[in-house]
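Notes to accompany the following structure.
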Amino acid sequence: MNIKQKVDFSIPLMIDKMGDIFNPFFLKFKNEKNQLLIFYFHGVYESLKQKEQSHVSPQNNVTKEQLSEFVEYFLENDYKFIAPEDLKKGLEKDNSYVMITFDDGYYNNFYSLPILEEFQVPATYFITTNNLVSNSSYWWDVIYKYRTKEGVSLKMVQQEQEYLKRFKYFEIDQYLLHNFGNTCFEPWSDVDRPMSIEELKIFAEHDLVTIGNHTHNHVILTNYTKAEIIEEFKKSNEILTEIIGYKPNILAFPNGNYSSSLIELANKVGFQYVFTTNSYINRLPLKTANVIMLNRYMAKAVNINEYGSFSRLGYQGDLLYHNFKKKIKNLI
Ligand SMILES: [Zn+2]
Numbered sequence: 001m002n003i004k005q006k007v008d009f010s011i012p013l014m015i016d017k018m019g020d021i022f023n024p025f026f027l028k029f030k031n032e033k034n035q036l037l038i039f040y041f042h043g044v045y046e047s048l049k050q051k052e053q054s055h056v057s058p059q060n061n062v063t064k065e066q067l068s069e070f071v072e073y074f075l076e077n078d079y080k081f082i083a084p085e086d087l088k089k090g091l092e093k094d095n096s097y098v099m100i101t102f103d104d105g106y107y108n109n110f111y112s113l114p115i116l117e118e119f120q121v122p123a124t125y126f127i128t129t130n131n132l133v134s135n136s137s138y139w140w141d142v143i144y145k146y147r148t149k150e151g152v153s154l155k156m157v158q159q160e161q162e163y164l165k166r167f168k169y170f171e172i173d174q175y176l177l178h179n180f181g182n183t184c185f186e187p188w189s190d191v192d193r194p195m196s197i198e199e200l201k202i203f204a205e206h207d208l209v210t211i212g213n214h215t216h217n218h219v220i221l222t223n224y225t226k227a228e229i230i231e232e233f234k235k236s237n238e239i240l241t242e243i244i245g246y247k248p249n250i251l252a253f254p255n256g257n258y259s260s261s262l263i264e265l266a267n268k269v270g271f272q273y274v275f276t277t278n279s280y281i282n283r284l285p286l287k288t289a290n291v292i293m294l295n296r297y298m299a300k301a302v303n304i305n306e307y308g309s310f311s312r313l314g315y316q317g318d319l320l321y322h323n324f325k326k327k328i329k330n331l332i
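As structure tokens, this is what we get:
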């Protein structure tokens with residue numbers, strides 16, 4: 001990275017960090033009505049000991065306590081927790097809504113159920129069906145587990161994970177098998193394994209649970225042809241329908257990658273709502289469309305006060321910085 005790139009990278013981060021510090025104060029004065037906040041989680045640690053085992057990429061996971069604090073925080077702030085079904089019914093005006101989603105289909109998502117039950121709030125789980133049917137670890141965790149064991153730093157691990165995202169799933173599989181051996185996809189514990197088919201069946205029957213599509217191979221959709229994408233959507237839906245007894249009408253883009261043509265394909269397959277990883281507020285009423293796109297914030301393993309991340313005020317560090325830069329350029 002040269003100096004200019006470093007500045008462009010660091011300043012938005014600094015703005016966001018400042019936002020995290022001051023946000024709890026600003027949010028007190030903000031009217032958060034007529035909006036829907038959606039968060040995406042991945043794994044849930046039952047205990048801190050599970051976190052220390054280093055079996056899953058830690059940046060994506062929260063402890064049970066953190067999830068519980070998250071729910072309490074939004075309930076205390078008069079947010080109403082909703083499920084995708086509530087979207088169809090329509091959301092009332094002058095309310096604030098929040099939705100919990102989980103991506104990938106980890107077995108450890110079972111640890112979230114007692115919290116949903118305690119507070120009577122629903123959650124939505126997007127399942128990657130190939131991991132489910134083959135009981136194989138998620139590829140990013142394979143990298144993390146083996147590299148951490150080798151003593152590689154988290155930063156380097158993240159760089160390797162990012163590098164691999166440009167390839168197709170079978171190329172990533174080849175890379176992992178070549179580097180870590182034939183048994184590398186075998187899960188190491190309950191922390192890194194996906195749910196089994198039987199477990200998903202039980203899980204999906206829970207009143208507070210909704211199941212969604214997350215493609216069959218967790219593909220970064222923008223790397224694939226139209227025919228391949230349709231196949232990914234359909235295969236996953238067929239497997240899920242067989243297990244849970246209904247056809248999912250919601251989809252979360254793996255890694256958040258999408259394009260406008262993908263929305264059309266999602267419509268063709270029959271999805272009504274697609275969940276992105278664009279960290280913005282969803283303003284109400286939602287715009288009507290054949291396929292409604294929803295923004296999601298990544299749930300972080302941070303102090304609950306920081307859940308008013310800067311963007312919850314309607315701003316983003318990178319957008320503010322780039323708009324500012326543009327204005328200065330125009331002046332010169
Ligand atoms: Zn995912």
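Numbering (UniProt numbering), first residue to last: 1 to 332.
Glycine included, every Cβ here is placed at the ideal spot set by N, Cα and C.
Close beta carbons around residue i, own chain, < 8 Å, minus the five adjacent residues each side
i, result
"Tyr45", "Lys51, Asn61, Val62, Thr63, Lys64, Asn108, Tyr111 and Val191"
"Lys80", "Asn95, Ser96, Tyr97 and Val98"
"Lys226", "Ser261 and Leu265"
"Val157", "Ser57, Ile143, Tyr144, Arg147 and Thr148"
Straight-line Cα distance separating residue j from residue i
i, j, result
"Pro24", "Tyr321", "22 Å"
"Glu205", "Tyr297", "27 Å"
"Glu92", "Leu284", "9 Å"
"residue 333", "Leu164", "Residue 333 cannot be examined here, being either before or after the span of the chain that is shown, 1 to 332."
"Met293", "Ile239", "24 Å"
"Ser279", "Ile143", "26 Å"
"Ala123", "Asn330", "46 Å"
"Leu286", "Leu177", "45 Å"
"Leu36", "Ile202", "29 Å"
"Thr183", "Ser136", "10 Å"
"Val121", "Tyr106", "20 Å"
"Leu319", "Pro12", "8 Å"
"Glu228", "Gln5", "35 Å"
"Lys89", "Lys325", "43 Å"
"Phe185", "Glu171", "14 Å"
"Pro254", "Leu27", "31 Å"
"His42", "Thr101", "8 Å"
"residue 357", "Asp173", "The displayed coordinates of the chain run from 1 to 332. Any statement about residue 357 would go beyond what the structure contains."
Beta-bridge pairing of residue i - partner residues as DSSP gives them
i, result
"Ser96", "Gln35 and Tyr79"
"Arg283", "Gln35"
"Phe275", "Ala252 and Leu294"
"Thr210", "Thr124"
Where residue i falls: helix, strand or coil (DSSP)
i, result
"Pro194", "strand"
"Ala227", "helix"
"residue 347", "Nothing can be reported for residue 347: it is not among the residues displayed for the chain, which extend from 1 to 332."
"Tyr111", "helix"
"Thr241", "helix"
"Asp103", "strand"
"Ala266", "helix"
"Arg296", "coil"
"Ala252", "strand"
"Gly151", "coil"
"Gly43", "strand"
"Val62", "strand"
"Lys188", "According to the sequence displayed, residue 188 carries Trp and not Lys. Of the three classes helix, strand and coil, the one that applies to Trp188 here is coil, per DSSP."
"Ala204", "helix"
"Ser10", "helix"
"Val219", "coil"
"residue 336", "Not covered by the structure: residue 336. The range shown for the chain is 1 to 332."
"Phe26", "helix"
"Asn2", "coil"
"Ser236", "helix"
"Tyr258", "coil"
"Tyr73", "helix"
"Phe168", "Strictly speaking, residue 168 in this sequence is Lys, with Phe absent from that position. It is coil, neither helix nor strand."
Close beta carbons around residue i, own chain, < 6 Å, minus the five adjacent residues each side
i, result
"Phe126", "Asp103, Gly212, His214 and Ala252"
"His216", "Thr129, Asn130, Glu232, Lys235 and Ser236"
"Trp140", "Ser57 and Gln161"
"Asn34", "Leu284"
"Thr241", "Lys247"
"Leu208", "Leu116 and Pro122"
Proximity below 8 Å, CB of residue i to CB of residue j
i, j, result
"Ala299", "Tyr40", "yes"
"Ser196", "His55", "no"
"Ile250", "Phe233", "no"
"Tyr169", "Val219", "yes"
"Ile230", "Leu200", "no"
"Leu132", "Pro84", "no"
"Ile328", "Val291", "no"
"Leu221", "Tyr258", "yes"
"Ile115", "Asn295", "no"
"Gly245", "Thr276", "no"
"Gly317", "Asp16", "yes"
Closer than 7 Å: residue i CB and nearest ligand 3 heavy atom
i, result
"Pro114", "Summarising the ligand content, the structure contains ligand 1 and does not contain ligand 3."
Neighbourhood of residue i by C-beta distance below 7 Å, restricted to the same chain and skipping five residues each side
i, result
"Glu32", "Ser96"
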